[in-house]
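K.L.:
Shown below is the structure under consideration.
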Amino acid sequence: MIFTSRHALVIAVAAASGAASAQYRDDYAPAYASGQENVSYAYAQVTRVDPIYETVRTRTPEEVCGGEEIREVRRSNGGTVVGALVGAALGNTVGSGDGRQAATVAGAVIGGAIGRNADKNNERVVVRDAGCRVVDVEREQRRVASYDVEYVHQGQTYMSRLPYDPGDRLRVRVAVTPVDEGTAYR
Numbered sequence: 028m029i030f031t032s033r034h035a036l037v038i039a040v041a042a043a044s045g046a047a048s049a050q051y052r053d054d055y056a057p058a059y060a061s062g063q064e065n066v067s068y069a070y071a072q073v074t075r076v077d078p079i080y081e082t083v084r085t086r087t088p089e090e091v092c093g094g095e096e097i098r099e100v101r102r103s104n105g106g107t108v109v110g111a112l113v114g115a116a117l118g119n120t121v122g123s124g125d126g127r128q129a130a131t132v133a134g135a136v137i138g139g140a141i142g143r144n145a146d147k148n149n150e151r152v153v154v155r156d157a158g159c160r161v162v163d164v165e166r167e168q169r170r171v172a173s174y175d176v177e178y179v180h181q182g183q184t185y186m187s188r189l190p191y192d193p194g195d196r197l198r199v200r201v202a203v204t205p206v207d208e209g210t211a212y213r
């Protein structure tokens with residue numbers, strides 16, 4: 028068979044179309060087959076943010092003191108005794124004979140009364156609680172758990188639950204992949 032220029036043209040066109048087809052498949056087929064996507068990032072306008080609340084219960088041990096109070100008054104008789112002794116000694120120096128004995132007794136009584144009054148001013152009252160114990164106290168606290176965020180991107184409205192309040196703008200990930208409708212590469 029003799030090759031003419033016409034045959035050469037047909038062979039050249041066939042080779043070029045095969046190469047172009049192979050180049051098309053080499054550029055796009057591996058990316059699609061490997062799961063890589065065309066991804067970009069953009070900002071969406073936030074239109075509404077609703078906080079989602081949760082109730083958290085905590086138990087903490089605390090000391091609780093209840094029951095009756097026990098009051099003790101601690102008095103000292105030391106002032107009475109000291110006052111009586113000082114009063115008796117002074118009374119003993121004042122009188123003579125039977126008068127001395129009467130003055131000693133009177134000094135002891137007056138000194139004891141003065142000492143008792145001094146002790147009353149120094150009384151101590153001690154208050155003790157009859158029973159303290161440790162108990163678990165349960166508390167409830169209401170706190171924000173997440174946020175329902177409504178936003179608009181390229182005219183479409185979307186809703187997502189986020190762990191934070193995004194403010195006025197929300198960064199979004201935009202991915203475009205072809206839909207495989209069961210057809211093979213052409």
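Counting from 1, position 107 in the sequence shown corresponds to residue 134 in the working numbering; the numbering is continuous, with no gaps.
For glycine and all other residues, C-beta sits at the position ideal for the given N, C-alpha and C.
Computed from a predicted structure; not experimentally measured.
1. If ARG75 sits next to GLU177, beta carbons under 8 Å apart, how far is it from one beta carbon to the other, in whole angstroms?
2. Using 8 Å as the Cβ pair cut-off and three pairs as the minimum, do the region 121-136 and the region 191-200 touch?
3. Nearest by alpha-carbon distance to LEU189: which of VAL171, PRO88, TYR68, ALA135 is it?
4. For HIS180, tell me which candidate among ALA135, ASP195, SER173, TYR174 has the shortest Cα-Cα distance.
5. In the DSSP assignment, what residue or residues form a beta bridge with VAL113?
6. What is the rounded straight-line gap between the Cα of ALA129 and the Cα of VAL91?
7. Mind checking which residues open and close the beta strand (DSSP E) that includes GLN183?
8. If you count every other CB in all the chains shown that lies within 10 Å of the CB of GLY134, and 16 or more means buried, which is it?
9. Would you tell me roughly how many angstroms separate the C-alpha atoms of ASP175 and ASP77, rounded to the nearest one?
10. On the CB-based measure, 16 or more other CB atoms within 10 Å of its CB, does ALA71 come out buried or exposed?
P.N.:
So, to answer that:
1. Position 48 of the sequence shown holds residue 75. Position 150 of the sequence shown holds residue 177. Confirmed, Cβ separation roughly 4 Å.
2. no
3. Indexing the sequence shown from 1 puts residue 189 at position 162. When each option's Cα is compared against that of LEU189, the closest is VAL171.
4. Walking along the sequence shown from the start, residue 180 turns up at place 153. Minimum Cα distance to HIS180 is reached at ASP195.
5. Along the sequence shown, one-based indexing puts residue 113 at 86. BP columns for VAL113 are empty, so no partner.
6. Indexing the sequence shown from 1 puts residue 129 at position 102. Indexing the sequence shown from 1 puts residue 91 at position 64. Distance between the alpha carbons of ALA129 and VAL91: 60 Å.
7. One-based indexing of the sequence shown puts residue 183 at position 156. From DSSP, the beta strand (DSSP E) with GLN183 extends over 183-189.
8. Sequence index remark: in the sequence shown, residue 134 carries index 107 (1-based). Classification of GLY134: buried, given that the 10 Å Cβ count is 16 or more.
9. Looking up residue 175 in the sequence shown gives position 148. Looking up residue 77 in the sequence shown gives position 50. One C-alpha to the other measures close to 5 Å.
10. For the purposes of this step, residue 71 is taken as residue 44 along the sequence shown, with counting starting at 1. Buried, since its Cβ has 16 or more Cβ neighbours within 10 Å.
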